[in-house]
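Terminal number for the sequence shown in the numbering used here: 223, no gaps in between.
Let me begin by presenting the structure, written as structure tokens, before commenting on it.
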Amino acid sequence: MATIKSLNKWANAHTYFPIDLLRIALGVFLFWKGVYFMQNQDILAELIKSVEQITGGMLFLHLVIPAHFVGGIMIAFGLLTRWVMIVQIPILIGALIINFTGDMNSTNLLLASIALVVCIFFLFYGSGKRSADYFFKMQK
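Dropping the structure here:
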């Protein structure tokens, strides 16, 4: 717990508006991907075929859409950011694995890689001053 508090203190002392915009953009991107997969479930099912033999493949299919919906909204508002990142990182690692085991799509690989790196950054950085987490913390 002390580590998280020290990370929060450092992040709040070094918060910048572009970093908050990056967090919001990541949330919007993940939400948009959830909408995209919901509208094109056949594309998501086609992507999952390459890892279908792995246990939990169908569970992964049903986890991606709601995790991107809820996670995207929570990241955009900065609510429980680190917890949401912990949920998003395995999904993004799965997206990278799917690119290497199935048909290689360089655009999807690049988007998943960038999203993964940004998620790892915000896992350590937190949500910053312009977030719901900071607002609720200051209400105490």
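Where is the CB? At the ideal position from N, CA and C, for every residue including glycine.
Since the model is a prediction, treat every value here as computed from it, not as a measurement.
Could you check the C-alpha separation between residue i and residue j for me, to the nearest Å?
i, j, result
"tyrosine 119", "phenylalanine 218", "31 Å"
"phenylalanine 207", "valine 201", "10 Å"
"alanine 178", "leucine 192", "8 Å"
"leucine 113", "lysine 88", "27 Å"
"alanine 108", "lysine 116", "12 Å"
"asparagine 188", "asparagine 182", "6 Å"
"glutamine 122", "histidine 151", "13 Å"
"glutamate 129", "isoleucine 172", "21 Å"
"glutamate 125", "alanine 195", "In the sequence under discussion, the amino acid at residue 125 is aspartate, which differs from the glutamate named in the question. The straight-line gap from Cα to Cα measures roughly 19 Å."
"valine 167", "glycine 110", "10 Å"
"isoleucine 156", "arginine 106", "11 Å"
"threonine 190", "lysine 220", "39 Å"
"lysine 92", "threonine 184", "41 Å"
In chain order, what residues of the same chain lie with their CB nearer than 8 Å to the CB of residue i, ignoring the 5 residues before and after it?
i, result
"leucine 127", "Phe120, Leu144, Val147, Ile148"
"aspartate 103", "Gly161, Gly211, Lys212, Arg213, Ser214"
"proline 101", "none"
How many whole angstroms separate the CB atoms of residue i and residue j, which I take to be in contact at a CB cut-off of 8 Å?
i, j, result
"isoleucine 176", "leucine 199", "7 Å"
Between the Cα of residue i and those of the options, spot the shortest distance and give me the residue it belongs to.
i, options, result
"aspartate 216", "Leu163, Gly155, Thr86, Leu194", "Leu163"
"isoleucine 174", "Tyr99, Ile203, Thr86", "Ile203"
Ignore the nearest five residues each way along the sequence and tell me which others in residue i's own chain have a CB closer than 7 Å to its CB.
i, result
"arginine 165", "Leu206, Gly209"
| Which parts of the region 128–185 are runs of the alpha helix (DSSP H), unbroken and 4 residues or longer, counting only runs that do not cross its ends? | 140–160, 164–184
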